[in-house]
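Just so we're aligned: 1059 in my numbering is position 87 of the sequence shown, and the numbers increase by one with no gaps anywhere.
Every residue, glycine too, gets a C-beta built ideally from N, C-alpha and C.
Below: the structure, in structure tokens.
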Amino acid sequence: MHRLWRRMRQNSYTGEAMGYWGYFAVAESASPLGGLACTQATPGLTLSRRLSGDWQVWEHPAEPGIKADDLALALAEETGRPAIVGFVMDSDCVVIEAADSSNGAWTACLGPKAMAGYLAAEGQQLEDWMLTPEQAATHAVNWAHLTGRLVAREPLAEVFQKEADPFAEDLFFTLLERLSLV
């Protein structure tokens, strides 16, 4: 899947002003996420902000050789807690890779119409890669439960259905709020 995102980024250059391309890695740890074995291979990963408790958001602008699904699983395994990695694509949409050490990973997106456009340009369909907003919300509720939080499904489904207005990064942080991490 990572190769698909890399191709989509390369094909999106139009000479117009570019939005943000980059990663946000979110996990709970008493020590800095940047010091974990699974993040050592990602130079340039920096603390973006701290959330409630020991939850941290680390950021890597631009596109290194990060495989978001691998990073989410590695963070979950190393911390023993659920993790989320969001890959922001030109501030239009976000690929969400969420994982926990017992159930594995799931993939969804924020900004589904924009994501469908990127995928269509590659001859792909959204349904081939992403959960529907309703499915993603169900997975997100279960994911939050593993963090000790009870969250409502409907507000999560709404966030998975929204388009960026104006920035997909804002949708990502709205998702974190709806997961009660903020």
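(request) Using three-state DSSP, classify Pro-1138 as helix, strand or coil. (result) coil
(request) Please report how far the alpha carbon of Asp-1064 lies from the alpha carbon of Leu-1017, in whole angstroms. (result) 22 Å
(message) In the DSSP assignment, the beta strand (DSSP E) including Asp-1019 goes from what residue to what residue?
(response) The amino acid at residue 1019 is misidentified as Asp; the sequence shows Leu. 1018–1022 is the span of the beta strand (DSSP E), which, as asked, contains Leu-1019.
(request) Excluding the 5 residues preceding and the 5 following Ala-1048 in the sequence, name in chain order all residues of the same chain whose CB lies nearer than 7 Å to its CB. (result) Pro-1054, Ala-1055, Ala-1071, Asp-1072, Ser-1073
(request) Using three-state DSSP, classify Ala-1116 as helix, strand or coil. (result) It is helical.
(request) Just mark Asp-1062 as buried or exposed, buried being the case when its beta carbon has 16 or more other beta carbons within 10 Å. (result) buried
(request) Tell me, to the nearest whole angstrom, how far the beta carbon of Ala-1112 is from that of Leu-1151; I am working on the premise that it is less than 8 Å. (result) Yes, they are in contact, since the Cβ atoms of Ala-1112 and Leu-1151 sit about 6 Å apart, within 8 Å.
(request) State yes or no: is the C-beta of Gly-994 within less than 8 Å of the C-beta of His-1032? (result) yes
(request) Please specify which runs of the beta strand (DSSP E), each continuous and at least 3 residues long, are wholly inside the region 1030–1087, giving them in chain order. (result) You should have 1055–1061, 1065–1072, 1076–1082.
(request) Given a cut-off of 8 Å, decide if Ala-1129 and Pro-1105 are closer than it, judged by their beta-carbon atoms. (result) yes
(message) Between the region 1089–1101 and the region 1119–1136, can you find at least three pairs of beta-carbon atoms closer than 8 Å?
(response) no
(request) Identify every residue that forms a DSSP beta bridge with Tyr-995. (result) Looking at the DSSP output, Tyr-995 bridges to His-1032, Phe-1059.
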